[in-house]
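Trainee: Take this structure, written in structure tokens, and hold onto it; I'll ask about it next.
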Amino acid sequence: MTRMALEISDLRLSFEGITETTEVLHGISLSVAPEERVALVGESGSGKSVTARAVLGLLQSQKRVRMSGRIEFEGQDLAAMTSRQRQALRGSRLSMIFQDPVSSLNPVYRIQTQFHEVLKRDDPSISLEDAKRRIRPMLSEVSIAEPDRVLESFPFQLSGGMNQRVMIAMALINEPSLLIADEPGTALDVTVQDQTLRLMRRLVERRRAAVLFISHNLGIVREFSDRIYVIHTGRIVEEGPTDAVFANPGHPYTRALLAAVPRITGGDIPEIDENPSAYEAPRVVHAPAAGVA
Amino acid sequence: MTRTVRIILSSPLSITGVLLIGFVVLSAVFADLVTPFPEHSGTVVDFAKLNQPPQWPNIMGTDLVGRDLFSRIIFAYRISLVLGVVVLVLAVPTGVTIGLVAGYLGGWPRFVLMRTTDVFLSIPPLVLAMSIMGVLEPTLMNGMIAVTVMWWPWYSRLVYNIVLAEREEGYVLAAEIIGASRLHIMFREILPNCFPAIITKMTLDLGFVILIASSLSFLGLGVQPPTPDLGSMVAEGAKYLPDSWWLTVFPGLAILIAVFGFNLLGDALRDILGNEQ
Amino acid sequence: MKAVLGLLAGRLAISTLVLAGVSVLIFGIARVIPGNPARIALGPNATKEQVAKLAAELHLDEPIWIQYGHFVRDLSRGELGISLYTNRPVTTDIAQFLPATLELVLIAGILMIGIGLPLGMVAAKYRGGFVDNLVRIVSLLGVSAPSFVWAVILMLLFAFYLPLFPIAGRIDTEFAIEHVTGFLLVDSLIAGEFRAFGNAMWHLFLPAFALSLSGIGQAARLTRANMVETYEKPYIEMARSYGFPAWRIARRYAFKPSLIPSLTIIGLDFAAMLGNAFLVEAIFAWPGLSRYGVAVILRKDLNAIVGTVLIISAAFLIANLIVDLLIALLNPRIRYARSAR
Numbered sequence: 048m049t050r051m052a053l054e055i056s057d058l059r060l061s062f063e064g065i066t067e068t069t070e071v072l073h074g075i076s077l078s079v080a081p082e083e084r085v086a087l088v089g090e091s092g093s094g095k096s097v098t099a100r101a102v103l104g105l106l107q108s109q110k111r112v113r114m115s116g117r118i119e120f121e122g123q124d125l126a127a128m129t130s131r132q133r134q135a136l137r138g139s140r141l142s143m144i145f146q147d148p149v150s151s152l153n154p155v156y157r158i159q160t161q162f163h164e165v166l167k168r169d170d171p172s173i174s175l176e177d178a179k180r181r182i183r184p185m186l187s188e189v190s191i192a193e194p195d196r197v198l199e200s201f202p203f204q205l206s207g208g209m210n211q212r213v214m215i216a217m218a219l220i221n222e223p224s225l226l227i228a229d230e231p232g233t234a235l236d237v238t239v240q241d242q243t244l245r246l247m248r249r250l251v252e253r254r255r256a257a258v259l260f261i262s263h264n265l266g267i268v269r270e271f272s273d274r275i276y277v278i279h280t281g282r283i284v285e286e287g288p289t290d291a292v293f294a295n296p297g298h299p300y301t302r303a304l305l306a307a308v309p310r311i312t313g314g315d316i317p318e319i320d321e322n323p324s325a326y327e328a329p330r331v332v333h334a335p336a337a338g339v340a
Numbered sequence: 026m027t028r029t030v031r032i033i034l035s036s037p038l039s040i041t042g043v044l045l046i047g048f049v050v051l052s053a054v055f056a057d058l059v060t061p062f063p064e065h066s067g068t069v070v071d072f073a074k075l076n077q078p079p080q081w082p083n084i085m086g087t088d089l090v091g092r093d094l095f096s097r098i099i100f101a102y103r104i105s106l107v108l109g110v111v112v113l114v115l116a117v118p119t120g121v122t123i124g125l126v127a128g129y130l131g132g133w134p135r136f137v138l139m140r141t142t143d144v145f146l147s148i149p150p151l152v153l154a155m156s157i158m159g160v161l162e163p164t165l166m167n168g169m170i171a172v173t174v175m176w177w178p179w180y181s182r183l184v185y186n187i188v189l190a191e192r193e194e195g196y197v198l199a200a201e202i203i204g205a206s207r208l209h210i211m212f213r214e215i216l217p218n219c220f221p222a223i224i225t226k227m228t229l230d231l232g233f234v235i236l237i238a239s240s241l242s243f244l245g246l247g248v249q250p251p252t253p254d255l256g257s258m259v260a261e262g263a264k265y266l267p268d269s270w271w272l273t274v275f276p277g278l279a280i281l282i283a284v285f286g287f288n289l290l291g292d293a294l295r296d297i298l299g300n301e302q
Numbered sequence: 003m004k005a006v007l008g009l010l011a012g013r014l015a016i017s018t019l020v021l022a023g024v025s026v027l028i029f030g031i032a033r034v035i036p037g038n039p040a041r042i043a044l045g046p047n048a049t050k051e052q053v054a055k056l057a058a059e060l061h062l063d064e065p066i067w068i069q070y071g072h073f074v075r076d077l078s079r080g081e082l083g084i085s086l087y088t089n090r091p092v093t094t095d096i097a098q099f100l101p102a103t104l105e106l107v108l109i110a111g112i113l114m115i116g117i118g119l120p121l122g123m124v125a126a127k128y129r130g131g132f133v134d135n136l137v138r139i140v141s142l143l144g145v146s147a148p149s150f151v152w153a154v155i156l157m158l159l160f161a162f163y164l165p166l167f168p169i170a171g172r173i174d175t176e177f178a179i180e181h182v183t184g185f186l187l188v189d190s191l192i193a194g195e196f197r198a199f200g201n202a203m204w205h206l207f208l209p210a211f212a213l214s215l216s217g218i219g220q221a222a223r224l225t226r227a228n229m230v231e232t233y234e235k236p237y238i239e240m241a242r243s244y245g246f247p248a249w250r251i252a253r254r255y256a257f258k259p260s261l262i263p264s265l266t267i268i269g270l271d272f273a274a275m276l277g278n279a280f281l282v283e284a285i286f287a288w289p290g291l292s293r294y295g296v297a298v299i300l301r302k303d304l305n306a307i308v309g310t311v312l313i314i315s316a317a318f319l320i321a322n323l324i325v326d327l328l329i330a331l332l333n334p335r336i337r338y339a340r341s342a343r
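Next up, the structure:
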């Protein structure tokens, strides 16, 4: 078996409140092979975003978080690393795209300054001019026609779609081996979202990055990912190659999700019947398609 | 409400605040019972004990005419608290009404009311109160008037800002659609949503009114002798530093304790009520 | 930059309007004085004729709006009338006393920003922890006592018990600095007297620190509150996801954006200091506007009261204009409000 880009085994996570402890992940296991695009699908509150943040090591430092299980990035156990080592991975080998592009960029700095900061993660002594030289081709890859105007701008001066492209370019400029995309573009309108996803797909293919794609929308996931994990209330309920899951959804929750897919890609969070007892059915695993993992 | 009380009692800082306020309020109310020399709140001279450092039974020493400093401080609390409550009772409804009207009606009422508010806010608070006190005779009553005149604009500014945000909310629109009167919308729909911020500010302000009032009397523009007052006690004692340090240090600390108590509680309330909004 | 200038012009217009309002308000307050100011000024032994003559000189016998008209006309010529207390033009008195007060307030303002903002930043970075609680207690204590109490405590501790700082005054008498601006720090540098500069600084420190303590507390609390709010913003998480060091995130991602809302309130705190300076000056025998202000208020010296309050309010409005300008410079949304997309 090849070394996985990401391997999570039996991840449990809980938040300690003032009076009680809430468990949000009840033993998640999933893996992402190099260059593979894997989707983690579930409703809001299912634990998918928490999983993403745990992989980035953003939760480990919080006092209220209790975690167990194993997260391996390129074969290295994240828990065994110091926080400094984890920090070194972020932004260079591992990066993330966020849901709302406009509010995820710092409002008081120009785009070029923010790009420059990101490039300094890989090369601390890089000058602004050198940074711009590296950024311009990247921006044209995400179909930004006037890179210099965009670089000079503040985030609020650009449209949402433009900010989203900037964020994608930023996430990929240091050539990460794993990109985590947390509901990218959900805050944007449907056509813009569709465009940016195509763009993202083209870019990760070209850069041979693996992707963990987090979404509530099976319609989008179908176009984008090789494999799917369906997550419900902190448990993986179904997993398998995209085609197999769509052709033959085995778990009642997956069927409910599929029934709720909006006709066009995007749209609101699907409304799913409250039917918790049926959703407690055992996990469904589809055989991997030939050639993958 | 019970939740608020429970959260307050879970933090050592806010418990400290409650205890300090409790001490100040209870001792002020029962001043006649808890002070060793209640008659020293008035004009009394004790030539045997002029200007004595702390010693039993005068635990905070005596002043220049031999009166017990501790007794006078507790009686000064009584006057400070009355002043603080009266000022807020006058200033809060005034400021809140002006802020509500200006924020909800908009147009020329807003221009007139908020520009007037700005004028009052453009004079440093203490300077405004000083000039009013300078014109009036320095009495307790006039002190209350002066502090009230400088205080209401802060409430109209606070409420105005909340109303600007709230008037866009669905419930206001809903009330407008069913034809509720403006008065009803302002006082029955919007005002209750301002309460958490107003209550928090009032708690903090009770302390700050005491602080400002003591500053006025420190400058000789407030309550006049022989009425015991923390600010004038510090001013009087400052002439005898550093030898008769107790004359200034204890009244000064008394101000600090009272205001600190209200600040601790107000701070806790802000954390709790702020999160609920 | 055009947007900034436009904004500034607008604020300047509003400030002028507000200052006009202040003049009406103060003028109104000063004229409701019970008793005849002319009588108070001349004392009980003056004859009726003398009182009437002075009242006529001061236009006290005319209706109040005419009096206000006289006042505005004088003001437009840069005159604030004669002080009945000093028998000198009010402008001369203010020019003599104001620099000492402003010098004190400016140094206190620098201390407020230089100490308060970093304290708030540290508290926000370690929010919920020991340092946060410590800063909370210290800043609450700072705002919980009027500045004259801090002045007394600091003076006892650091001037009497530990004689590190002087007890009173602006500068030692051995230094004779030529009066140019009235600001000793500036005048001593103009004269090239660096020892005098140091001496003036030494005299300034305790009063300025006493004056700044409540401002430090306010600034720290405010900075902390705004930063804690900013820490919840998505761009902070994004910065974390890029592995930027925690202090870099604190400074560049949490502090700078939250500085903008903090600054407005800091402007107001500055205003409060202009008033509180009166309290500190009284303790440290600081030859500023305080003694003059209290004296003219107690003597019901109309022209001097109106003039003093007007000048202080003008100083406050100018401070707020500077704050607005800083905000516009810090906030790209205002700076580039009118530039094309």
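Protein chains in written order, with my numbering: chain V, 48 to 340; chain U, 26 to 302; chain D, 3 to 343.
Yeah, the Cβ is synthetic: ideal placement off N, Cα and C, and Gly gets one too.
(1) Below 7 Å CB to CB, which residues in the same chain sit around ILE311 (chain V) once its five sequence neighbours on both sides are set aside?
(2) Cα separation between VAL124 (chain D) and SER141 (chain D)?
(3) Are the CB atoms of ALA154 (chain U) and ILE237 (chain U) nearer to each other than 9 Å?
(4) Can you check DSSP and say which residues form a bridge with MET114 (chain V)?
(5) Less than 7 Å between C-beta atoms, sequence neighbours within five positions excluded: which residues of the same chain meet that for LEU266 (chain U)?
(6) Between the segment 265-293 of chain U and chain D, which residues of the former have a C-beta closer than 9 Å to a C-beta of the latter?
(7) Mind pulling the chain D residues with CB within less than 9 Å of SER52 (chain U)?
(8) Between which two residues does the alpha helix (DSSP H) harbouring SER39 (chain U) extend?
(9) Return the residue from the list D:VAL133, D:PHE207, D:LYS235, D:LEU27 that minimises the CA-CA distance to GLY111 (chain D).
(10) Against chain D, with Cβ distances strictly below 9 Å, would LEU44 (chain U) count as a contact?
(11) Near SER181 (chain U), which residues of its chain fall below 6 Å by C-beta distance, leaving aside the five closest residues on each side in sequence?
(12) Which residues, taken in chain order from the segment 228-252 of chain D, show a beta carbon closer than 9 Å to some beta carbon of chain V?
(13) Would a C-beta distance cut-off of 9 Å place ALA234 (chain V) and LEU186 (chain V) closer than the cut-off?
(14) Should MET275 (chain D) be flagged as near chain U, meaning a C-beta pair shorter than 9 Å?
(15) Tell whether a beta-carbon distance below 9 Å holds between ASN218 (chain U) and SER146 (chain D).
(16) Using a Cβ-Cβ cut-off of 7 Å (strictly less than) and excluding sequence neighbours within five positions of TYR255 (chain D), which residues of its own chain qualify?
(17) Is there a Cβ of chain D sitting closer than 9 Å to that of SER142 (chain V), yes or no?
(18) Based on DSSP bridge pairs, tell me the residues matched to GLN123 (chain V).
(19) Can you look up GLU193 (chain V) in the DSSP assignment and give me helix, strand or coil?
(20) Measure the CB-CB distance between PHE286 (chain D) and PRO165 (chain D) and report whether it falls below 9 Å.
(21) Whether or not the segment 102-122 of chain U and the segment 176-190 of chain U are in contact is what I'm after, with contact meaning three or more pairs of Cβ atoms, one per stretch, closer than 8 Å; do they touch?
(22) Quick one: grab the DSSP three-state call for GLN77 (chain U).
(23) Short of 8 Å Cβ to Cβ, which residues in the segment 182-213 of chain U face chain D?
(24) Quick one: does TYR338 (chain D) have its CB under 9 Å from some CB of chain V?
(25) Out of V:GLN211, V:LYS179, V:PRO202, which has the shortest C-alpha to C-alpha gap to SER190 (chain V)?
(26) What are the start and end residues of the alpha helix (DSSP H) that includes HIS163 (chain V)?
(27) Closest to ALA212 (chain D) by CA distance: which of D:GLU64, D:ALA284, D:PRO39 is it?
(28) Please report the Cβ distance between VAL277 (chain V) and LEU304 (chain V), rounded to the nearest whole angstrom; I am assuming they are in contact, meaning their Cβ atoms lie under 8 Å.
(29) CB ALA126 (chain V) to CB MET114 (chain V), shorter than 9 Å?
(30) Given 8 Å as the limit, is there contact between the segment 220-228 of chain V and the segment 248-264 of chain V, that is, 3 or more CB pairs closer than that?
(31) Would the beta-carbon of ALA279 (chain U) fall within 9 Å of that of LEU255 (chain U)?
(32) For my contact list, ARG50 (chain V) and GLY104 (chain V) are in at a C-beta cut-off of 8 Å; report their separation, rounded to the angstrom.
(33) Spell out the partners DSSP gives MET143 (chain V) in its beta bridges.
(34) GLY89 (chain V) by DSSP, collapsed to three states: which one?
(35) LEU187 (chain D): which of D:LEU10, D:THR18, D:THR103 sits nearest, CA to CA?
Mentor: Answer, in terms of the structure:
(1) Reliability of the predicted coordinates at ILE311 (chain V) is poor, the pLDDT of 45 falling under 50, and the value obtained from them is presented with this limitation in mind. Correct list, in chain order: VAL237.
(2) 13 Å
(3) Going by C-beta atoms, ALA154 (chain U) is nearer than 9 Å to ILE237 (chain U).
(4) V:LEU60
(5) THR273
(6) LEU266, PRO267, TRP270, THR273, VAL274, PRO276, GLY277, LEU278, ILE280, LEU281, ILE282, ALA283, VAL284, PHE285, GLY286, PHE287, ASN288, LEU289, ASP292
(7) Within 9 Å Cβ-Cβ: nothing; SER52 (chain U) doesn't reach chain D, min ~18 Å.
(8) 37-54
(9) D:PHE207
(10) no
(11) Answer for SER181 (chain U): GLY120, ILE123, GLY124, THR142, listed in chain order.
(12) Listed in sequence order: LYS235, PRO236, TYR237, ILE238, GLU239, MET240, ALA241, ARG242, SER243, TYR244, GLY245, PHE246, PRO247, ALA248, ARG250.
(13) Their beta carbons are not under 9 Å apart, which means ALA234 (chain V) does not touch LEU186 (chain V) by this criterion.
(14) yes
(15) no
(16) TYR237, ILE238, ALA241
(17) yes
(18) V:PHE120
(19) coil
(20) No. Outside cutoff.
(21) Enough Cβ pairs lie closer than 8 Å, so yes.
(22) Three-state DSSP puts GLN77 (chain U) in coil, outside helix and strand.
(23) none
(24) Yes, contact with chain V.
(25) V:GLN211
(26) Start and end: 158-169.
(27) D:ALA284
(28) 7 Å
(29) Cβ distance < 9 Å, so ALA126 (chain V) and MET114 (chain V) count as in contact.
(30) Enough Cβ pairs lie closer than 8 Å, so yes.
(31) yes
(32) Not a contact, Cβ separation roughly 20 Å.
(33) V:ILE227
(34) If DSSP states are grouped into helix, strand and coil, GLY89 (chain V) belongs with coil.
(35) D:THR103
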